[in-house]
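Novice: Using the working numbering, read the sequence shown as starting at 25 and increasing by one per residue.
For each residue, glycine too, the CB sits at the ideal point set by N, CA and C.
Remember, predicted model here, so these are calculated numbers, not experimental data.
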Amino acid sequence: VLNLIPKESDGERFEAALARVCCHVGGGNSANEADSDSDLVEVVSDTFSINLRCPMYGSRMKIAGRFKPCVHMGCFDLEVFVEMNQRSRKWQCPICLKNYALENIIIDPYFNRITSMMKNCGDEFTEVEVKPDGYWRVKAKNESERRELGNLAKWHSPDGSLSVSTSGEDKKAETLNVKQEGVSDSPNGLRLGIRKNR
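#1: Enumerate in chain order the residues of its own chain whose CB-to-CB distance from residue 110 is below 7 Å, with the five nearest sequence positions on each side excluded.
#2: Whole angstroms are fine: how far does the CA of residue 86 sit from the CA of residue 78?
#3: Residue range of the beta strand (DSSP E) that residue 88 falls in?
#4: Taking DSSP as the reference, what is the three-state secondary structure of residue 77?
#5: How long is the line joining the alpha carbons of residue 252 and residue 187, rounded to whole angstroms?
#6: Measuring alpha carbon to alpha carbon, tell me which of 159, 160 and 174 ends up nearest residue 166.
#7: Helix or strand or just coil, what does DSSP make of residue 44?
#8: For the beta strand (DSSP E) containing residue 161, name the first residue and the last one.
#9: Using the Cβ count rule (16 or more neighbours within 10 Å means buried), how would you classify residue 35?
#10: Quick check on residue 123: does DSSP put it in helix, strand or coil?
Here it is as structure tokens:
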């Protein structure tokens, strides 16, 4: 059954996978933009944490697979998925639970590039931080893990090459606290007070 799945280069263009990730991480969603409301405030984080654990097996994905028609970012371990489902011939996305034909399974080029680069790091590293432009790094909880990860703890461009930062990549991300200052009866909606942490 694995032989029926197209090679990574034949399943989906890398640029299309990157655009899908950037749309999700950047907070954009073409379906929601049509009925966007100018009174709504959207807070978008500098980075988005993505778990690379297979939703079916629980360990980090080795080959990131997904169904091509799915609009979500989530992937599953391709080999585990095929092994668990080939007897029943039921091809249901474990993330959105939609049924598809076997021909719709592809290797996700964006996340597979990341999981391939992580193959030699410990199984305890299962999360990556992704920026809205697709840049990524393996998430480290502390300085010791950062040293253990080496270059994987540094920012990489979407194609996997190590990023050369000009703004000091080791600076901590600036966080904002948003608090409600009062209830507004005005037609302009709620006033928010934003205070930067120093």
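Specialist: For this structure:
#1: Translated into the one-based positions of the sequence shown, residue 110 becomes position 86. Excluding residues up to 5 positions away in sequence, 25 lie with their Cβ nearer than 7 Å to the Cβ of residue 110 in the same chain.
#2: Against the sequence shown, residue 78 aligns to sequence position 54. Against the sequence shown, residue 86 aligns to sequence position 62. Cα to Cα, the separation comes out at about 9 Å.
#3: Within the sequence shown, residue 88 is the residue found at index 64, counting from 1. Here the beta strand (DSSP E) through residue 88 covers 88 to 91.
#4: Here residue 77 is taken as the residue at index 53 of the sequence shown, counted from 1. Three-state DSSP puts residue 77 in a strand.
#5: Residue 252 is absent from the structure shown; the chain starts at 25 and stops at 222.
#6: The residue given as residue 166 occupies position 142 in the sequence shown. The residue with the shortest Cα to Cα distance from residue 166 is 174.
#7: In the sequence shown, counting from the first residue as 1, residue 44 sits at position 20. Note: residue 44 maps to helix in three-state DSSP.
#8: Within the sequence shown, residue 161 is the residue found at index 137, counting from 1. Note, residue 161: beta strand (DSSP E), 160 to 162.
#9: To locate residue 35, count along the sequence shown from 1; it is residue 11. Buried is the call here.
#10: Counted from its first residue, the sequence shown places residue 123 at position 99. In this structure, residue 123 counts as strand in the three-state DSSP scheme.
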